[in-house]
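The number in the working numbering is simply the position in the sequence shown, starting from 1, with 87 added. Each residue gets a CB set at the ideal place from its N, CA and C atoms; glycine is no exception. Take a look at the structure below.
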Amino acid sequence: MSKPLQVAIIGAGGIARTHVPGWEASPYTQLVAAADVNIDMLADFGRKFGVERLYADADEIFADPSIDIVDICTPNRLHTPLVLAALEAGKHVICEKPLAPTPAEIRQMIEARNRAGKLLMTAQHFRFKGNSQAMKREIEAGALGDIYHARSWMLRRNGLIPTPTFIRQELSGGGPCIDIGVHILDLTLWLMGNPQPVAVTGVARAELAHQKDAWATWRDAPIPSDFDVEDFAAAFVRFANGATLILEVSWLLHHDTEGEDMQMWLYGTQGGSHWPKCEVYSSNNTARQLYNRQLKLTKDVMEPHAAECVAFAEAVYEGRPSPVPPEQSLQVMTILDGIYRSQAAGREVSLNSEEAAHGA
Ligand SMILES: NC(=O)c1ccc[n+]([C@@H]2O[C@H](COP(=O)([O-])OP(=O)(O)OC[C@H]3O[C@@H](n4cnc5c(N)ncnc54)[C@H](O)[C@@H]3O)[C@@H](O)[C@H]2O)c1
């Protein structure tokens, strides 16, 4: 039996392949087409997943009225033109992170989404992990009270992909802030209830990438000399509700970790919590007792990259809001852009959009 929504993927490389099981699992979607400028990559994708309509030019997908959902999995710098074209063609759009590497581009996308009346979602798969969902439910039930401070980081030790689309500013839009900062920051803001960020003090520097013989464990390869993004960033963020956040991200740090250290601590008036341990900490003042509670974890029902596609399909089919709306990605990118502006200015910067546009 054919399913009601037809999906096309643009950019059939690495991450696209993690989305396919989601489109296959959803009762609403059928993956029918793919586009990629790399013909070999496209042919391999078609063979592997039984997709027959393969195009070297994404315009063929936009021109096809039978396509309902476009899934954009290209390098960062191509997200904006492709999202805008897809919305203009009347498609619902899910796009890999970062939705766009600048706040201005995300604003353009929001306007295009409003004109089209379609759904736009950022593929922030960490929200769809079982432990993230369990923590969100706990917070919404009031376990932490008002969250007034957070600490979060995503740190790697020599862990980066030393290819141009990640390490060249003109192709990636930035370094670990843009690549992995979006993951931990999106998850932190979402669990905090997406308070409005108002100011940031940040640093974004390349301290280790330009050292002699610097190398990346991920491809066991040297870091190219044209690396022109940050390798480390740290920030202190203030929110309109008085809450604060300390954030650290890095691809290259002399840190005690194999692979990746991704953590978040949230502190509220009724309790604190740790992700990914999924513990809640509280106390009873009258009884002078401290409590540590392990949340009941539901195992990941589905690999989270696939789960985000299933959630998007359901939202489109049932006419519900986008599971990760671009307005929330705009908050994320406004903070990351603020870190770069603060590094350049050497002081705290305002995140008020008017002032930010004038470089305050
Ligand atoms: N959510 C995650 O965990 C995660 C992990 C890795 C990458 N990503 C994101 O996914 C995106 C793609 O990364 P990747 O690792 O899959 O890269 P990739 O290089 O493996 O794949 C990108 C594909 O896009 C194709 N492409 C380039 N220009 C195109 C165009 N104009 N039209 C159609 N296709 C085009 C390339 O030929 C390539 O096959 C990036 O935005 C990245 O940040 C997300």
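Pull up the DSSP beta-bridge partners for residue i, would you.
| i | result |
| --- | --- |
| His212 | Paired residues: none, contrary to the question. |
| His361 | Trp352, Glu366 |
| Met241 | Val336, Met349 |
| Arg292 | Phe319 |
| Thr331 | His236, Arg325 |
| Leu118 | Val94 |
| Gln376 | Asn371 |
| Val180 | Val157, Leu207 |
| Gln220 | The partner list for Gln220 (beta bridge, DSSP) is empty, contrary to what the question assumes. |
| Ala286 | Arg325, Ser437 |
| Gln381 | Glu366 |
| Trp305 | Answer is none; Trp305 lacks a bridge partner. |
Would residue i and residue j qualify as a contact pair, given that the criterion is a beta-carbon distance under 8 Å?
| i | j | result |
| --- | --- | --- |
| Ile248 | Trp302 | no |
| Pro190 | Asn163 | no |
| Tyr427 | Ala293 | no |
| Val157 | Val119 | no |
| Gly355 | Ala320 | no |
| Leu438 | Leu272 | no |
| Thr344 | Arg244 | yes |
| Ser113 | Ala400 | yes |
| Ala393 | His166 | no |
| Gly425 | Val436 | yes |
| Gly98 | Ile159 | yes |
| Leu206 | Ser409 | yes |
| Phe215 | Ala398 | yes |
| Leu276 | Gln418 | yes |
| Leu384 | Gly217 | yes |
| Trp362 | Ser219 | yes |
| Val124 | Phe132 | no |
Taking the alpha-carbon of residue i as reference, which of the options has the nearest alpha-carbon?
| i | options | result |
| --- | --- | --- |
| His179 | Leu165, Ala291, Gln195, Thr209 | Thr209 |
| Ala327 | Ser360, Gly280, Arg380, Leu206 | Gly280 |
| Pro309 | Gly262, Asp315, Phe319, Ala296 | Ala296 |
| Gly346 | Tyr368, Leu242, Thr275 | Leu242 |
| Arg407 | Asp127, Gly204, Cys160 | Gly204 |
| Val324 | Pro284, Ile181, Pro410 | Pro284 |
| Tyr368 | Pro391, Ile226, Asn125 | Ile226 |
| Glu147 | Ile96, Gln220, Leu276 | Ile96 |
| Leu174 | Gly98, Ile193, Arg200 | Arg200 |
| Leu92 | Gly268, Trp277, Tyr404 | Tyr404 |
| Glu183 | Ile265, Arg194, Ala322 | Ile265 |
| Thr421 | Glu192, Lys135, Phe149 | Glu192 |
| Asp318 | Ile267, Leu274, Ile333 | Ile267 |
| Gln256 | Lys223, Asp131, Asp313, Ile126 | Asp313 |
| Pro141 | Arg134, Asp127, Ala122 | Rather than Pro, the amino acid found at residue 141 in this sequence is Leu. Of the candidates Arg134, Asp127, Ala122, the one whose C-alpha sits nearest the C-alpha of Leu141 is Ala122. |
| Gly246 | Asn371, Gln195, Asp307, Lys223 | Asp307 |
| Ser416 | Gln381, Gln195, Phe149 | Gln195 |
| Arg380 | Lys364, Pro152, Ser429 | Lys364 |
| Trp110 | Arg224, Asp155, Ala228 | Asp155 |
| Gln211 | Glu366, Arg202, His236, His270 | His270 |
| Ala150 | Gly433, Met389, Ala176 | Ala176 |
| Glu390 | Ser153, Arg134, Phe213 | Phe213 |
| Pro108 | Arg434, Ala432, Val388 | Val388 |
| Gly433 | Lys386, Asn371, Ala322 | Ala322 |
| Gln430 | Ala145, Arg134, Ser89, Val287 | Val287 |
| His236 | Ser259, Leu258, Pro282, Lys223 | Pro282 |
| Arg224 | Tyr378, Glu366, Tyr115, Met128 | Glu366 |
| Ala402 | Ser89, Tyr115, Gln376 | Tyr115 |
| Lys90 | Ser153, Asp300, Ser370 | Ser153 |
Assuming residue i and residue j make a contact with CB atoms under 8 Å, what is their CB distance in whole Å?
| i | j | result |
| --- | --- | --- |
| His342 | Asp348 | 6 Å |
| Thr161 | Leu169 | 6 Å |
| Gly358 | Ala230 | 5 Å |
| Glu414 | Ile197 | 7 Å |
| Ala330 | Ile234 | 6 Å |
| Pro263 | Trp338 | 5 Å |
| Pro311 | Ile254 | 7 Å |
| Gly261 | Val336 | Their Cβ separation, rounded to whole angstroms, is 10 Å, which puts Gly261 and Val336 out of contact at 8 Å. |
| Trp449 | Gln117 | For the chain, the structure presents residues 88 to 447; residue 449 sits outside this window and is missing. |
| Ala103 | Ile126 | Not confirmed; about 15 Å, so no contact. |
| Ala221 | Leu382 | 5 Å |
Looking at residue i and ligand 3, is the gap between the Cβ and the nearest heavy atom below 7 Å?
| i | result |
| --- | --- |
| Cys396 | Within the structure as shown, ligand 3 is missing, the only ligands being ligand 1. |
- Enumerated in chain order, which unbroken segments of the alpha helix (DSSP H) with a length of 4 residues or greater are wholly contained in the segment 234-282? 251-254, 256-259, 269-279
- Within the segment 128-171, note down every full alpha helix (DSSP H) run reaching 4 residues or more, in order along the chain. 146-149
- List in chain order: all unbroken alpha helix (DSSP H) runs of 4+ residues lying wholly within the segment 404-436. 413-432
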